[in-house]
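Residue numbers (the numbering used here): 1 to 472. We treat Cβ as the ideally placed atom computed from N, Cα and C, and that holds for glycine. Below: the structure, in structure tokens.
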Amino acid sequence: MTESAEISMGLPAHGEVADLLETLAREYLVPGVQFAVYERGEITSFVHGEMSYGSGRPVTPDTVFPWGSVTKSATALLLAQLVSDGDLELDEPVGPLLPELAATPNSPLYTATPRSLLSHTAGLPDMPPVEGDLSLRDCVAASADVTALCEPGVRFSYANLGYVLAGRVLESVTGVTWWEAVRDFVLTPLGVTPGFLGGSAPAPVAGQHAVHLPTGTVQPVDEPGLPRALVPAGALLSSAVGLLRYAAVHLTPDAAGVLEPELLAVMRTPVPGSAAFGLAEGWGLGLAVHTDGAGRTWLGHDGNTGGASCSLRLDPERGIAMALMTNATSGRQMGNAFFDALAAKGFDIGHFREPDLGVPLSGADLDEAAAEVCGKYRSGADLLTVRRRGGGDDGEGGDGELVLDRPGLRPAVLEIHQGLEFRLRSETAGRHASDESKDLYCFVRDSRTGRVGGMYMSGGRLQVREGIGRLG
1 MTESAEISMG LPAHGEVADL LETLAREYLV PGVQFAVYER GEITSFVHGE MSYGSGRPVT
61 PDTVFPWGSV TKSATALLLA QLVSDGDLEL DEPVGPLLPE LAATPNSPLY TATPRSLLSH
121 TAGLPDMPPV EGDLSLRDCV AASADVTALC EPGVRFSYAN LGYVLAGRVL ESVTGVTWWE
181 AVRDFVLTPL GVTPGFLGGS APAPVAGQHA VHLPTGTVQP VDEPGLPRAL VPAGALLSSA
241 VGLLRYAAVH LTPDAAGVLE PELLAVMRTP VPGSAAFGLA EGWGLGLAVH TDGAGRTWLG
301 HDGNTGGASC SLRLDPERGI AMALMTNATS GRQMGNAFFD ALAAKGFDIG HFREPDLGVP
361 LSGADLDEAA AEVCGKYRSG ADLLTVRRRG GGDDGEGGDG ELVLDRPGLR PAVLEIHQGL
421 EFRLRSETAG RHASDESKDL YCFVRDSRTG RVGGMYMSGG RLQVREGIGR LG
């Protein structure tokens, strides 16, 4: 691949893109940014800012940033390689491959399939129900008695636990560690020098920062690494250029012989039941599926750490891709604003399209909705309560606003709409309201009873109402 100073795929001019990045980085207090564009074998790179706030050390095209959950796409690619080699079947349970699950054949981990794990349709809660720096094997063993949120293949529920299990399957089948496999079978063949959060890196690593926009504060964040069990879900590092070299496996015929085109196409195909409210129209194997305003399909993934953000988007049909990396928590907001600005200039990479919400419910309509949704909702160890202001802890009673109680956080007011979609009211008005106030969530009905049985919260994470068992 070569690096180019020109863009010909419909983006605004090079200088206009650079100015836009600089303007938004300053507005959202992001210390450093990389943006790179791939088009048919050529990569154009943009950089702005500094590696760490106040350091004076500039971000360069070689500076390394965390991928966060974009790492999951590489784990999915590794399991697809096992399918290609005949070592794994996409729709067979993984339990028989793992000795630590032999005694729990009814566990949702035992019965999960690679396809359901990689598309977040296995019905698993988000995080393993354990703490500490456990190995993949020990984490899977300790999670065997986890309670499924819904029946497999019925609903999307974003689950890091699913990728813990996928990483353990890889380890068990190949006899090598996840890190060795992703280095030797994916990154190195694609010309990417591997980097690892909390470990080795091919170049200086950008610092991470927590940004509070209402007060204009930027604080360094110490992110030493991930627990070993979560490595397959979020441990990779590279520059934006390196991320696009990796993504080229989906853009060029027989890219380095990593995986045959037929299985790459399977990875990009939405799995039934994978519609991800608030995130994407569907989910393939490790890749979200979006449609832009012209009806073209874009794929990709987003990732966030405690002080950085990463976004990857690609269009295999046209052979183009782009990667945006920042070293701040506000990078997510900056990225949304950046991609919105590109769309306004005629270059839409696809995004979740909100329904027509109308105004939030009030009066008798709010009373009716409150009667349906008040109660307790759980995902693993996380317990949330929806209640009426003035009501008790059981969520009932009261006649004020709807409120969401979450452990360790202030209560948030729900602004609920006719279709039971809702937002959490921001404490800060204006353009720099928190990310949370802009995200759209929703309550969902159990298909068996028609009653509200769950809700989608941040990042497509499903919470199930207490007392109904698995959500249908």
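Give the C-beta separation of Val164 and Ala233 to the nearest angstrom, bearing in mind that I take them to be a contact with Cβ-Cβ under 8 Å.
-> On the sequence shown, position 164 is the one that residue 164 refers to. On the sequence shown, position 233 is the one that residue 233 refers to. Correct: roughly 7 Å between the Cβ atoms.
Option nearest Leu88 by Cα separation, candidates Leu187, Thr121, Pro31 and Glu171 = As a position in the sequence shown, residue 88 is number 88, starting the count at 1. Glu171 is the residue among Leu187, Thr121, Pro31 and Glu171 whose C-alpha sits nearest the C-alpha of Leu88.
Tell me the start and end of each unbroken alpha helix (DSSP H) in the region 41-98 that is at least 4 residues and wholly inside, in chain order.
-> Runs of the alpha helix (DSSP H) inside the region 41-98: 71-84.
Following the continuous beta strand (DSSP E) through Leu29, name the residue where it begins and the one where it ends.
-> Mapped onto the sequence shown, residue 29 falls at position 29. No beta strand (DSSP E) contains Leu29, which DSSP labels as neither H nor E.
Which value, in whole angstroms, describes the spacing of the CA atoms of Val186 and Leu230?
-> As a working note, residue 186 is residue 186 in the sequence shown. As a working note, residue 230 is residue 230 in the sequence shown. Their Cα atoms are separated by approximately 19 Å.
Three-state class that DSSP yields for Ser172 in the structure shown | Within the sequence shown, residue 172 is the residue found at index 172, counting from 1. When DSSP states are grouped into helix, strand and coil, Ser172 belongs to the helix group.
Whole-angstrom distance between Leu285 and Leu79, CA atom to CA atom | The residue given as residue 79 occupies position 79 in the sequence shown. The residue given as residue 285 occupies position 285 in the sequence shown. When the Cα atoms are used, Leu79 and Leu285 turn out to be separated by approximately 9 Å.
Return the CA-CA distance between Asp315 and Gly242, expressed in angstroms with no decimal places.
-> The count along the sequence shown starts at 1 and reaches residue 315 at position 315. The count along the sequence shown starts at 1 and reaches residue 242 at position 242. Take the alpha-carbon of Asp315 and the one of Gly242: they are about 17 Å apart.
Identify, in the order they occur along the chain, each residue of the same chain with its Cβ nearer than 6 Å to the Cβ of Val218, setting aside the five sequence neighbours on each side.
-> Here residue 218 refers to the residue found at position 218 of the sequence shown. So the qualifying residues of the chain are Leu29, Tyr53, His209 and Val211.
Proximal residues to Asp19 (C-beta, below 8 Å), its chain only, five neighbours per side dropped | Translated into positions along the sequence shown, residue 19 becomes position 19. Exclusion of the five residues before and after Asp19 leaves no residue of its chain whose Cβ lies closer than 8 Å to its Cβ.
Determine the direct distance from the alpha carbon of Ser107 to that of Arg465, and round the result to whole angstroms.
-> For the purposes of this step, residue 465 is identified with residue 465 of the sequence shown, where counting begins at 1. For the purposes of this step, residue 107 is identified with residue 107 of the sequence shown, where counting begins at 1. Arg465 and Ser107 have their C-alpha atoms some 20 Å from each other.
In terms of residue numbering, what span does the alpha helix (DSSP H) encompassing Tyr158 cover?
-> Working through the sequence shown from its first residue, we reach residue 158 at position 158. Careful: Tyr158 lies outside any alpha helix (DSSP H) and carries neither H nor E.
Just list the alpha helix (DSSP H) runs in the region 364-388, keeping only unbroken ones of 4 residues or longer that don't cross its boundaries, in chain order.
-> Within the region 364-388, no alpha helix (DSSP H) run of at least 4 residues lies entirely inside it.
State the Cα-Cα distance for the pair Thr326 and Thr104, rounded to the nearest angstrom.
-> The count along the sequence shown starts at 1 and reaches residue 326 at position 326. The count along the sequence shown starts at 1 and reaches residue 104 at position 104. Taking the straight line joining both Cα atoms gives about 43 Å.
May I ask you to report which of helix, strand or coil DSSP gives Met127?
-> Taking the first residue of the sequence shown as position 1, residue 127 is located at position 127. Residue state for Met127 is assigned as coil, using DSSP reduced to three classes.
Pairwise C-alpha distance: Gln418 and Val64 | Here residue 64 refers to the residue found at position 64 when the sequence shown is read from its first residue. Here residue 418 refers to the residue found at position 418 when the sequence shown is read from its first residue. Taking the straight line from one Cα to the other gives about 45 Å.
State the Cα-Cα distance for the pair Ser238 and Glu42, rounded to the nearest angstrom.
-> For the purposes of this step, residue 238 is taken as the residue at position 238 of the sequence shown. For the purposes of this step, residue 42 is taken as the residue at position 42 of the sequence shown. When rounded, the distance between both Cα atoms is 18 Å.
Of the listed residues Asp133, Gly278, Arg313 and Thr23, nearest to Ser458 (C-alpha basis) | Translated into positions along the sequence shown, residue 458 becomes position 458. Checked all of Asp133, Gly278, Arg313 and Thr23; the closest Cα to Ser458 is Gly278.
For the region 115-125 and the region 150-162, state whether three or more C-beta atom pairs, one from each stretch, are separated by less than 8 Å.
-> Yes, the region 115-125 is in contact with the region 150-162.
Can you grab the Cα-Cα spacing for the pair Ala433 / Pro214, in whole Å?
-> Here residue 433 refers to the residue found at position 433 when the sequence shown is read from its first residue. Here residue 214 refers to the residue found at position 214 when the sequence shown is read from its first residue. Low per-residue confidence applies at Ala433: pLDDT is 48, beneath 50, and the placement is therefore not dependable enough to give any value.
Taking Arg423 as the reference, which of Arg353, Lys438, Pro96 and Gly132 has the closest Cα?
-> Against the sequence shown, residue 423 aligns to sequence position 423. Comparing Cα positions, the closest option is Lys438.
Pull up the distance between the alpha-carbon of Pro66 and that of Leu97, whole angstroms please.
-> The count along the sequence shown starts at 1 and reaches residue 66 at position 66. The count along the sequence shown starts at 1 and reaches residue 97 at position 97. Across the structure, Pro66 and Leu97 are spaced so that their CA atoms are roughly 31 Å apart.
Nearest candidate by alpha-carbon position, reference Ala36, set Ser119, Trp178 and Ala240 | Position 36 of the sequence shown, counted from the first residue, corresponds to residue 36. Looking at the Cα atoms, Ala240 is the closest of the given residues.
When DSSP builds the beta bridges, which residues end up paired with Ser238?
-> For this step, residue 238 is matched to residue 238 along the sequence shown. Beta-bridge partners of Ser238 (DSSP): Phe65.
Among Thr174, Leu118, Ser135 and Ala235, which one has its Cα closest to the Cα of Ala201?
-> The sequence position of residue 201 within the sequence shown is 201, counting from 1. Checking every option, the nearest Cα to that of Ala201 belongs to Ala235.
Could you give the residue range of the alpha helix (DSSP H) that holds Ser116?
-> Residue numbering aside, residue 116 sits at position 116 when the sequence shown is read from its first letter. Its alpha helix (DSSP H) spans residues Pro114 to Leu118.
How many Å lie between Pro544 and Asp62 at the Cα?
-> Nothing about residue 544 can be read from this structure; the chain reaches only from 1 to 472.
Between the CA atoms of Thr60 and Thr44 - distance to the nearest angstrom = Your numbering for residue 44 matches position 44 in the sequence shown. Your numbering for residue 60 matches position 60 in the sequence shown. Roughly 13 Å separates the two Cα atoms.
For Leu136, collect the residues of the same chain with a Cβ closer than 6 Å to its Cβ; drop the 5 residues on either side in sequence, then sort them by chain order.
-> Against the sequence shown, residue 136 aligns to sequence position 136. The answer, listed in chain order, is Gly167, Arg168, Glu171 and Ala229.
Is the distance from the Cβ of Ser274 to the Cβ of Ser119 below 9 Å?
-> Translated into positions along the sequence shown, residue 274 becomes position 274. Translated into positions along the sequence shown, residue 119 becomes position 119. At the C-beta level, Ser274 and Ser119 come within 9 Å of one another.
Using DSSP with H/G/I as helix, E/B as strand and the rest coil, what is Leu312?
-> Residue mapping note: residue 312 aligns to position 312 of the sequence shown, counting from 1. In this structure, Leu312 counts as strand in the three-state DSSP scheme.
Reference Pro114; option with closest CA among Val83, Ala321, Glu401 and Pro407 = Taking the first residue of the sequence shown as 1, we reach residue 114 at position 114. Taking only the C-alpha atoms, the option nearest Pro114 is Val83.
Under a three-way DSSP split, which group does Arg228 fall into?
-> Numbered from 1 along the sequence shown, position 228 holds the residue referred to as residue 228. In this structure, DSSP gives Arg228 a helical state, which the three-state scheme calls helix.
Rounded separation between Gly454 and Phe443 - CA only | The count along the sequence shown starts at 1 and reaches residue 454 at position 454. The count along the sequence shown starts at 1 and reaches residue 443 at position 443. For Gly454 and Phe443, the distance between alpha carbons rounds to 6 Å.
Looking at the structure shown, is Ala144 part of a helix, part of a strand, or coil, going by DSSP?
-> Here residue 144 is taken as the residue at index 144 of the sequence shown, counted from 1. Residue state, collapsed to three classes: coil.
According to the neighbour-count rule (16 or more other Cβ atoms, all chains shown, within 10 Å of its Cβ), is Leu462 buried or exposed?
-> Position 462 of the sequence shown holds residue 462. Counting Cβ neighbours within 10 Å, Leu462 comes out buried, since at least 16 surround it.
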